[in-house]
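As C-alpha cells, the structure follows; a few thoughts come after it.
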Amino acid sequence: LGGGALLDCSGYPIQASIHFLGKNLSVESSSLTEQPSIDGSIIDIAGDVTLRSDQGVPAHVYFGFQHEYQCMYEIIGSKGIITVPKAYTPRQNHEVQIQLVQQGTTAVYNVQPEDHFLTTSQEFRYAIEQNQNLSKHWDATKSCIRIQEDIRRCALKIRSS
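And the structure:
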C-alpha cells in the first residue's frame, strides 16, 4: 500500500468526477476506513466521498482495497443512466461496454480495445513534441490533489480490525 487507498485508488474516480462536473468540486462528506499496517502505522484501506459541483450536482465516489475490484462509473440523469462497468485501465485487449438506459430500454455499445497506458504515454509525448499547453491537465491534477487533501482532512475515520 504505497499511500493507502485514498492516494492509490481515488484518483481515477475523482478525475472522472472532475471531467464530468468541472474542477471546482467541493467535499461535502467523506469517510476513510483504516486499519493497522504490518509496521503498526495506521493506513486507510477504503473510503467514500460525496462531492458537489458549483451547480449543486453531486458525485458519490467509492474506492478501496477491501471490496471487489470495480473500476466503473455510473451517471444517473433526468433522461437516463449511463454505466461503464470497466472504465479505468481495462486490459489491453478488453472491449469496454457502455450501457445506456432510457425509459426502461437498455442499449449496449461496445468500444474497441485500447491500451490505456500506451495511449497516455503517446499523448504525453505528442503534447511535449508539439509544445502544447498542458494547463487543463495540470489544473485537473491540482484539483484532484486538493480534493484528496480535503477528503483526508474532513473524513470520518472508521477503524477496521
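Just so you know, we're using our numbering here: the sequence shown kicks off at -11 and counts up by one.
The beta-carbon is built from N, C-alpha and C at its ideal position, and this holds for glycine as well.
Pull up the DSSP beta-bridge partners for residue i, would you.
i: THR129; result: THR129 pairs with nothing; no bridge assigned.
i: THR21; result: ALA34, ILE146
i: PRO46; result: ARG40
i: THR71; result: GLU62, GLN87
i: SER14; result: ARG40
i: THR94; result: VAL89
i: PHE158; result: Past the boundaries of the shown model lies residue 158; the chain is included only from -11 to 149, so the question cannot be answered.
Sorted by chain position, which residues of the same chain lie with C-beta nearer than 6 Å to residue i's C-beta, five sequence neighbours on each side aside?
i: ASN10; result: Correcting the residue type first, residue 10 is Gly in the shown sequence and not Asn. Closer than 6 Å at Cβ, skipping near neighbours: SER41.
i: CYS142; result: VAL15, SER18
i: GLN3; result: CYS132
i: ASP27; result: none
i: THR71; result: GLU62, GLN87
Taking all protein chains shown into account, do 16 or more other C-beta atoms lie within 10 angstroms of the C-beta of residue i, making it buried, or fewer, making it exposed?
i: VAL99; result: exposed
i: GLU21; result: Checking the sequence, you will find Thr at residue 21 rather than Glu. Classification of THR21: buried, given that the 10 Å Cβ count is 16 or more.
i: VAL96; result: exposed
Tell me which same chain residues have a C-beta within less than 8 Å of the C-beta of residue i, skipping the five on either side of it?
i: LYS74; result: CYS59, MET60, HIS82, VAL84, GLN85
Between the options, which lies nearest to residue i when the distance is taken from Cα to Cα?
i: ILE139; options: GLN3, VAL15, ALA(-7); result: VAL15
i: SER101; options: GLN80, LEU(-6), GLU117, GLU137; result: First, the amino acid is wrong: residue 101 is Pro here, not Ser. Considering only alpha carbons, the answer is GLN80.
i: PRO46; options: LEU13, ILE70, ILE69; result: LEU13
i: CYS150; options: VAL37, HIS7, ASN119, GLN120; result: Residue 150 lies beyond the range of the chain shown here (-11 to 149); nothing can be said about it.
i: SER148; options: LYS130, ILE2, HIS7, GLN54; result: GLN54
i: SER5; options: ILE26, ASP27, GLY28, LEU39; result: LEU39
Tell me the rounded alpha-carbon separation between residue i and residue j.
i: GLY(-9); j: GLY44; result: 31 Å
i: PRO221; j: ILE146; result: One cannot answer for residue 221 here, as it falls past the ends of the chain, which runs -11 to 149.
i: ILE30; j: PRO24; result: 4 Å
i: GLY92; j: GLU111; result: 38 Å
i: GLY52; j: GLN90; result: 30 Å
i: HIS48; j: ILE63; result: 10 Å
Leaving aside the five residues before and after residue i along the sequence, list all residues of the same chain whose C-beta is less than 7 Å from its C-beta, in chain order.
i: LEU(-6); result: LEU20, ASP32, GLY35, GLN136, ILE139, ARG140
Does chain B have any CB closer than 7 Å to the CB of residue i?
i: GLY68; result: Included in the structure is just one protein chain, with no chain B present.
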